[in-house]
Amino acid sequence: ATPTALMVGTGRGAQLGILIKGPEVLESTRRVDTVVLDKTGTVTTGRMGLRDVVTAPGTDERDLLRRAGALEHFSEHPVARAVAAGAEERTGGLPPAEHFESVAGLGVRGLVEGHEVLVGRESLLFEAGIELPARLADALAAARAEGRTAVAVAWDKEARGVLSVADTVKATSARAVAELRALGLRPVLLTGDSAAVAGSVARAVGIDEVIAEVLPQDKVAVVRRLQGEGRTVAMVGDGVNDAAALATADLGLAMGTGTDAAMEAGDLTLVRGDLRVAADAIRLARRTLATIK
Ligand code: ADP
Ligand code: MG
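Heads up: the sequence shown begins at 410 in the UniProt record's numbering, then just goes up one per residue.
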């Protein structure tokens, strides 16, 4: 490959809103046959809003919102930002929290008003030996059936409520998936969220292969498994939880609207966070290298 043609390709990329780490990246881009897409913040906007609040019998809704919000205030996760903002808006102010700790892909825990509070997936509660009463298990299932992400809240070893947040699919995602398919690529949706929510997003954008409920550290294993099947894998993601998978993929594409960790791990950055530009990048690489060969 002539360096000049690759440099021209890199410059053209910048015009399209693609930042390329080095000219050699175009080589791996050309061979890609599978595109793994993270859900939250990549296919969806990641800008979520708080929707339904369901309390366990005997729990005060205001306490539930204040305590969950106080903890989530310290997390950068899109779900956490929605819970914190919604709780603050509905209650007028959040109490301080201490000993904040985030558990990747599961949720958060810490101390609020003297109570040991947990907010996150059911498994975070189960690991702490906390069970969900039927009312809360039903609320989780109902929210997910409608495509919302739902998290449970507990304190002092008891489940206290369920909060649901809703995200929206980016206006350009369905078109982007169609363009990727037209290029002969196989799209796969990969997420830590529940299968119900993932399925509803996948249907909305036209993806039929969904891998859900994957912990951040296991996203790498999914990429390796696809590579083990002989596929050349591009991964598109935005989160801290996607960084390792972006580095492991044959080609890592980071959303410019996402975290620094993702951009550092990726080979390419899609500056505007528009998934259609992923298709542009692959087209550009194929064209650039075709001129050379
Ligand atoms: P994705 O892979 O779609 O970007 P994540 O792996 O970041 O999603 O998160 C998976 C799930 O873990 C979320 O849908 C949410 O249910 C739960 N979760 C993660 N972090 C938090 C948090 N700070 N607060 C509440 N729930 C969380
Ligand atoms: Mg994400």
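Glycine is no exception: its CB is placed at the ideal position from the N, C-alpha and C atoms.
When the options are compared against residue i, the one with the closest alpha-carbon
i	options	result
VAL574	HIS524, VAL441, LEU425, THR454	THR454
ALA687	LEU435, GLY431, MET416	LEU435
ALA494	GLU622, VAL445, GLU481	GLU481
VAL680	GLY556, GLN636, LEU662	LEU662
ILE691	VAL417, GLY422, ALA414, VAL606	GLY422
MET457	PHE483, PRO487, ARG439, ASP676	PRO487
VAL619	ALA580, PRO625, GLY608, VAL417	GLY608
VAL492	HIS508, THR558, ALA546, PHE535	THR558
PRO505	ALA513, ALA465, ALA489, LEU520	LEU520
ALA605	LEU693, ALA551, VAL417	ALA551
GLY556	ALA611, ASP469, ALA674, ALA670	ALA611
LYS566	ALA546, HIS508, GLU536, GLY593	GLU536
Near the ligand MG: residue i beta-carbon under 8 Å from a heavy atom
i	result
LYS448	yes
THR451	yes
ASP647	yes
ILE455	Here residue 455 is Gly; the residue named in the question, Ile, does not match the sequence. Yes, since a heavy atom of the ligand MG falls inside the 8 Å radius drawn around the Cβ of GLY455.
ASP669	no
ASP469	no
ASP547	no
ASP651	yes
Cβ-heavy atom distance, residue i to the ligand ADP, below 8 Å
i	result
GLY675	no
ARG612	no
LYS579	no
ASP461	no
HIS482	no
LYS628	yes
ALA489	yes
GLY529	yes
Neighbourhood of residue i by C-beta, 6 Å cutoff - its chain only, sequence neighbours within 5 removed
i	result
GLY682	MET664, GLY665, THR666
ALA613	VAL578
ALA548	VAL463, VAL571
Contacting residues, own chain, Cβ-Cβ under 7 Å from residue i (five flanking each side not counted)
i	result
LEU515	GLY529, ARG530, SER532, LEU533
VAL586	PRO596, VAL614, GLY615, ILE616
THR419	ILE429, PRO432
SER603	ARG553, ALA621, GLU622
ARG685	THR581, ARG584, ALA585, GLU588
GLU497	GLY478, LEU503
Any chain D beta carbon closer than 9 Å to residue i
i	result
GLY478	Looking for chain D here will not work: only one protein chain is present.
Any alpha helix (DSSP H) of 4 or more consecutive residues that is wholly inside the segment 489-565: 531-536, 543-554
Given 8 Å, three or more beta-carbon pairs between the segment 596-610 and the segment 439-452: yes
Three CB pairs or more closer than 8 Å across the segment 429-449 and the segment 632-652: yes
3 or more residues per run - each beta strand (DSSP E) lying fully within the segment 615-673: 642-646, 660-664
The segment 517-527 touching the segment 541-559, judged by at least three CB pairs closer than 8 Å: no
Ordered list of alpha helix (DSSP H) runs contained in the segment 432-467, each at least 4 residues: 434-440
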